[in-house]
Structures are given as C-alpha cells and as structure tokens.
Amino acid sequence: MLTPVLASLLPLLLLCRISFCQYSSDQCSWKGSGLTHEGHARDVEQVYLRCSQGSLEWLYPTGAIIVNLRPNTVSPAAARLSVCIKPSADSMGTNIYLDRNGKLRLLLREQDQAQGKVQCFSIKEGALFIEAVPHLDISRRITAFQYELVSDRLGPESRSLNAPCQPCSDAEMLLAVCTNDFVARGNIKKVEQEEEHSSVTVEISRLYRQKTQVFVSGGVRVRRWTGHIKMPLKCGVRSGDGEFLFTGTVRFGEAWMGCAPRYKDFLRLYHEAQQQGTNPCQVDTD
C-alpha cells in the first residue's frame, strides 16, 4: 500500500519519466536540503551520481528525490555493475526504495538505516527513490550514505559482503590474483569473532597490490605490513600455520577476504598454468 506522501508524488514521478524534474546534479557526491523545497514540496528532484564511489547527504528531508547511480563511461559492461550503499549510523528521516520504471521495491526502512548494514543491488534494478517520512520536527533528520559501484565479473557472489565460504576453483584463484582489490602473501596472526563477522589479523611479507591503505607498513627497515581482513562468521575461519596468499575486495575502506589459498598451493597451480599458457596475468613469484 502506498503511503500518502508517496501517492501524492506519483503523478510527478511519472512526469519525471518524460522530462527532467526541476533540479539535477551530476557529480560524485551530493548534499542537499529539504528546506529548499518548502515552497514546492511536491517536486521530485533528480540527482545524478556518475562515479565509482561517493556519498549522499540529504538534510531535513521533505518530499522525495530520485538518485541515479551510473558509471562515468558508456560501456556494455556497465549493465553488469552492482551498487552497494552503506547508511551512516545517524541516517534517518526517509524510506529508501528501488525504482524501476515506476515500480517501487522497499530497500531500507527509516529504522533500519542506523544499523549501517551494506545493501547491494544490480544497477539494472533501477534508481533509488528516497521518500521523506513525515515528521513534525525535521530539524535533526538527515539521510546519509556512501555508495560504491561493484563489478559483477566474478559472478553474483562478488556483490555480497556475506559471500559463500566455498573454496575457490583453480580458475577463480588465478583470476583473483589479477583482478582483486588487494593481493598479499603472509601469515594469519589472530582471528577475532565480532558481532557479525570475523576479523583476521594478518602479517604481510610481500604486498603485490592494494587499492587503498588496507595494510600498514611497519617501517622502511622492517619491510612488513599488518592489517585486518573481514570474513562472514559462518565461514568459521581459524588461525593456521604457514604462508597464505590473501586476495579480496575493499568495501567502504574495509578489506573482505576472497580466495586465500596456502601459498605453496597457489605456487604449484600458477606454475602449471604458466606451462600451459593459461595464466590470465603474470605474477612475480621470486
């Protein structure tokens, strides 16, 4: 059943399908205020965010906005992208829907946003329709979240921070070394069970690549790095002896484990693929 506010906005929402609404932006991050809508609270503002990551902050929300998340390049691969959003801990004042051709699917209720859980969906599922929840006092209400565009090239599980814990195949393992956000060789020092995930403390002896500062250097003379990699609780990860090759993705500044074979097993697989000429990329194994 449509809420009264949403029902009143539907004619304007359909109008926006034909032509652009009164306001628009085209950038990585957006910050707006519902106070600018006081004279035309029924307007639906179109927001265009065209970067691989950014943020949105809507102060004192009234009415609704439509947020279009798209890459900044035109490519057939864009249809295979997914969007992940992470609400801030104090986000409130709106319900967030997925809007595809005027059909709405609830993504996040107002009361769920403060949990800060990451929500992912295919870019083909539509834009975000963010509807203000009527309140007598809107002075303390702000809707805010970060977003990232995620490639689906590794399959549907790459969209989820709670991906299945099944071991990677040989092909997935070799591809992960070439395409993941971080690749590092090292040891597991400690595993801590947190509320919704495990945190794996690792010591890195060889850092091949990292998208952001996931692993911190111990100094010029030490030439070792330390860091924390997250995994879903259900994976039941434990500390283990020996060297591993850690690969994975970085989501909102946090490292999440992907394929993590023992280094000797990866080395054997890599050399076999090298002899067969099937390696997707070259890795310095010296």
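Numbering (mature numbering (1 follows the signal peptide of the UniProt record, and there is no 0)) for the sequence shown: -21 to -1, 1 to 265.
Beta carbons are placed, not taken as given, at the ideal position from N, Cα and C, and that holds for glycine.
The structure presented is a predicted model; accordingly, all values stated were derived computationally and were not measured.
Taking the C-beta atoms as reference points, C63 is found no nearer than 8 Å to Q6. Secondary structure within the stretch 145 to 202: the beta strand (DSSP E) runs of 3 or more consecutive residues, fully enclosed, are 161 to 172 and 176 to 189 (chain order). Rounded to whole angstroms, the Cβ separation of T41 and G11 is 11 Å, and the two are not in contact under 8 Å. Close CB contacts of M236 within its chain, under the 6 Å cut and outside five residues either way in sequence, are with I208, M210 and G227 (chain order). In this structure, DSSP gives Y242 a helical state, which the three-state scheme calls helix. When P50, E36 and C260 are compared, the shortest CA-CA separation from R29 is found for P50.
For G227, the pairing in a beta bridge is given by DSSP as F161 and M236. Going by DSSP, G11 is part of the beta strand (DSSP E) stretching over W9 to S12. Looking at the DSSP output, C63 sits in a beta bridge with C99 and E127. The shortest C-alpha to C-alpha distance from L128 to any of W37, G33 and V46 is the one to G33. The three-state secondary structure of D78, taken from DSSP, is strand.
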